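A.B. asks: Residue numbers (this note's numbering): 24 to 406.
#1: First and last residue of the beta strand (DSSP E) that includes residue 249?
#2: DSSP three-state call for residue 323: helix, strand or coil?
#3: I need the DSSP call for residue 201, collapsed to helix, strand or coil.
#4: Just verifying my parser: in three-state terms, what is the DSSP assignment at residue 96?
#5: Can you give the Cα-Cα distance for residue 245 and residue 316, rounded to whole angstroms?
#6: To the nearest angstrom, report how far apart residue 284 and residue 301 are at their CA atoms.
#7: In chain order, what residues of the same chain have a beta carbon less than 7 Å from the beta carbon of residue 303, not counting five sequence neighbours either side?
#8: Residues in its own chain within less than 7 Å of residue 255 by CB, not counting five upstream and five downstream?
#9: DSSP puts residue 253 in a beta bridge; with which residues?
#10: Under 9 Å between the Cβ atoms of residue 198 and residue 229?
#11: Please name the residue or residues paired with residue 163 in a DSSP beta bridge.
#12: Specify whether the stretch 217-231 and the stretch 251-268 touch according to this definition: at least 3 beta carbon pairs, one from each stretch, less than 8 Å apart.
#13: With a cut-off of 8 Å on the beta carbons, I'd call residue 408 and residue 401 a contact; round off their distance for me.
#14: Take residue 397 and list the residues in its own chain whose beta-carbon comes closer than 7 Å to its own, dropping the five residues that flank it on each side.
#15: Helix, strand or coil: how does DSSP classify residue 124 here?
#16: Enumerated in chain order, which unbroken segments of the beta strand (DSSP E) with a length of 3 residues or greater are wholly contained in the stretch 276-330?
#17: Which term fits residue 126, buried or exposed, when burial requires 16 or more other beta carbons within 10 angstroms of its beta carbon?
#18: Are there 16 or more other CB atoms within 10 angstroms of the CB of residue 200, so buried, or fewer, so exposed?
#19: Whole-angstrom Cβ separation of residue 14 and residue 176, contact assumed at under 8 Å?
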């Protein structure tokens with residue numbers, strides 16, 4: 024194996040025939056197909072597709088020069104050196120700069136080495152010749168389903184709806200601008216939000232007030248007033264209650280007088296009077312002394328559901344068909360002569376009496392004063 028991959032050509036000038044002779048101490052290894060160097064010998068580098076040298080139409084990757092061509096090339100270079108130098112050295116070493124062929128691509132800078140060259144790539148490129156554009160999207164930097172667009176030494180993320188940020192790492196807060204109405208609570212979602220409505224509201228944004236009157240809760244023609252999560256009823260006269268379901272008791276204040284019965288109705292009441300009274304509230308005591316039922320100058324005294332005649336002194340007259348009936352022994356049935364002006368000195372009584380009681384006796388007439396009882400007693404002893 025050769026100890027070094029350098030093509031050395033020692034040029035010696037012979038006095039006879041002015042012929043240049045190549046004195047070689049040579050280790051010559053040509054570049055294999057697909058690789059190139061400036062002189063076609065190793066060290067070699069991978070050739071780029073369609074990369075041509077300064078000789079038009081000559082592909083360095085396939086048209087590798089022969090040993091003879093290389094020797095002639097060296098001889099021509101040596102002749103040029105001889106013309107420029109008056110006294111060339113006895114031996115000369117040919118130094119070749121591989122950067123002359125501008126092998127580096129995409130704005131890369133070329134640095135010549137002792138053997139070969141080095142391409143210093145611009146950011147975003149790689150490879151021996153900086154021929155490879157680095158795919159910054161290969162590491163999948165975009166998150167949450169974002170798509171990556173590769174650029175020179177950069178990349179750009181196109182986020183799916185609902186995300187933002189350089190790497191689509193930020194979940195967009197869709198509640199940021201408070202889209203919900205009427206005190207609703209906003210919950211953020213991916214590319215959206217959800218409104219949890221307060222009581223009494225509906226709709227995607229809780230923008231609608233629920234109509235609690237739609238079920239017609241008010242009774243008895245009451246008017247329903249919708250409120251937030253509530254309602255109220257304006258009742259017709261005579262009704263009350265949340266839903267106007269209660270008929271107001273117009274008898275609650277006991278408007279009827281004289282023990283009359285109160286009958287409640289809608290917004291009104293009726294008093295059913297006892298005998299002897301009339302009026303809306305039974306407040307009027309009917310005057311049974313109208314029109315003057317008492318005769319012979321007697322004074323009429325009005326009573327409840329009746330009257331009483333106060334006869335003139337010492338005179339009392341009953342109708343001819345008056346019948347005082349005693350169903351049993353006792354003093355429950357009687358006719359009393361009231362308001363005598365003074366004590367009587369004599370009493371005249373005229374009457375017929377029929378009795379069928381064979382056991383008891385009765386007292387048809389009796390006269391008494393405040394001081395004495397039974398001052399005059401007419402007794403029937405037919406029993």
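Don't be surprised by glycine CBs; every beta carbon is placed ideally from N, CA and C.
On a predicted model such as this, the values are computed, not experimentally measured, just so you know.
C.D. replies: With the structure as the only source:
#1: 246-250
#2: Per DSSP, reduced to three states, the secondary structure at residue 323 is strand.
#3: coil
#4: The pLDDT assigned to residue 96 is 48, lower than 50, so where the model puts this residue is not dependable; a value taken from the coordinates is nonetheless given after this. The answer is helix: DSSP assigns residue 96 an H, G or I state.
#5: 55 Å
#6: 12 Å
#7: If we look at residue 303 and ignore the five residues flanking it on each side, its Cβ neighbours are 294.
#8: 248
#9: 250
#10: no
#11: DSSP output for residue 163 lists no bridge partner at all.
#12: yes
#13: Given a span of 24 to 406 for the chain in the structure shown, any question on residue 408 remains unanswerable.
#14: Same-chain partners within the cutoff: 389 and 391.
#15: helix
#16: 284-287, 292-295 and 322-326
#17: buried
#18: exposed
#19: Not covered by the structure: residue 14. The range shown for the chain is 24 to 406.
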